[in-house]
Amino acid sequence: MDWDKLRIFHAVADAGSLTHAGDSLHLSQSAVSRQIRALEESLNTTLFHRHARGLILTEQGELLFEATRSMNKRLEAAAARIRDSEEEVFGDLRVTTTLAFGTIWLAPRLPKLYERYPDLKIDLMLEERVLDLPMREADVAIRMKEPSQADLIRKKLMGIRIGLYASHAYLERSPPLETLEDVARHRVITQGPTSAQVAAGAGLAQLLLSHEPQSLLTINNYFGVLQATLNDLGVGLIPDYITEDFPTLTRVLPDVESNEVPVFLAYPEELRQSKRVAAFRDFVQEEVIAHRRRIRDAA
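Heads up: the sequence shown begins at 10 in the numbering used here, then just goes up one per residue.
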């Protein structure tokens, strides 16, 4: 198959439109259409269904798009490795982690990284879904569990636990909270049972809910739980890495907490020599060490 035709096919399949693909390729719509028609003729098959709203891949088109998508990711990885052969740290780095960790812990620390490497361009992707690193959906991941894929380099950053916290204002106006049974007189703020979360957090939430709190607020991520707790709504189940920067929060029922949740940094084996990845990895490890030191000194 003609590589140039495959490149054009991939752009059309990705855009779902001859016009949009032509714009990205700097080709006319008619030129793109001719290349697609020639590719279909060479394969003796139809790759797209045409309709008024655009193009839809046929079953054969889906098979070819899966192949070109894999090829494209490998080419991107090769280009990244070539760029990383330079001495300077620069270029794009796609980092994925959870909404709470990325927003509350990582993002406020990034100015230090940019001061060190001003030409670095970070694309921070915050979502609970686990992105596929070997397929290059991201370059680096910080995850709240050990990655299961064998072709990843992984480094345990720290262990965290989820505990119970409330604002000073909420505790001042609320009934005493000295035992688990007292939860029945309070509002609990936690992730819902259907939210994407680690098993340790779900187990702690289930324990609290078994004591039938007076009121309940469920939010599908810890960032929301933190905001509600800071605004005096109730007792929040919050990971301990969050609370360092929020002195208005008070730990309640300190003996009630989740099992340890390991935090791992991971990246594909093929990026082992990447200077961008190494710079980010070393920076995060330095910040984790400083974070743990502050927690220890405060204790």
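Beta carbons: idealized from backbone N, C-alpha and C, even for Gly.
In terms of alpha-carbon separation, which member of GLU50, ARG285 and ARG305 lies closest to LYS130?
ARG285
Paired residues, beta bridge with VAL234 - DSSP:
DSSP output for VAL234 lists no bridge partner at all.
Local conformation of GLY25 per DSSP, three classes
coil
Report the partner residues of ASP291 according to the DSSP bridge assignment.
DSSP, once it has assigned bridges, lists no residue as partnering ASP291.
Residues in its own chain within less than 8 Å of ALA205 by CB, not counting five upstream and five downstream?
GLU137, ARG138 and ASN229
Assuming LEU133 and VAL104 make a contact with CB atoms under 8 Å, what is their CB distance in whole Å?
5 Å
Nearest candidate by alpha-carbon position, reference SER157, set THR28, ARG290, ASP291 and PRO277
PRO277
If we ignore side chains and look at the alpha-carbon of each, how far apart do GLU221 and LEU258 end up?
23 Å
In the DSSP output, which residue or residues are listed as bridge partners for VAL149?
VAL104
Within the continuous beta strand (DSSP E) that includes VAL197, where are the two ends?
196-199
Starting from ARG46, trace the beta strand (DSSP E) in both directions and tell me its first and last residue.
Note, ARG46: premise wrong, no beta strand (DSSP E); alpha helix (DSSP H) at 38-52.
Here's the rule I'm using: 16 or more other beta-carbon atoms within 10 Å means buried, otherwise exposed. How should THR252 be labelled?
buried
Below 8 Å, is the gap between the Cβ of THR105 and the nearest heavy atom of the ligand PLP?
Judged by which ligands are present, the structure shown has none, so any question about the ligand PLP falls away.
Go through its chain and collect everything with a Cβ distance to ALA178's Cβ below 7 Å, but skip five positions before and after it.
ASP241
Where do the ends of the alpha helix (DSSP H) carrying TYR179 lie?
177-182
Spatial neighbours of ASN81 in its chain, beta-carbon cut-off 8 Å, leaving aside the 5 residues before and after
HIS19
Taking buried to mean at least 16 other C-beta atoms within 10 Å of its own C-beta, is GLY245 buried or exposed?
buried
How long is the line joining the alpha carbons of GLU49 and PHE292, rounded to whole angstroms?
49 Å
For the alpha helix (DSSP H) containing LEU216, list its first residue and its last residue.
208-218
From the DSSP output, which residues share a beta bridge with THR259?
ALA175
Grab the span of the alpha helix (DSSP H) containing LEU119 for me, first residue to last.
119-125
DSSP three-state label for VAL286, please.
helix
Roughly how many angstroms separate the alpha carbons of PRO184 and VAL197, rounded to a whole number?
13 Å
Which residue wins for smallest C-alpha separation from ALA147, given the options LEU274, ARG16 and MET167?
LEU274
For TRP114, tell me which candidate among GLY25, ASP264, ILE151 and HIS60 has the shortest Cα-Cα distance.
ILE151
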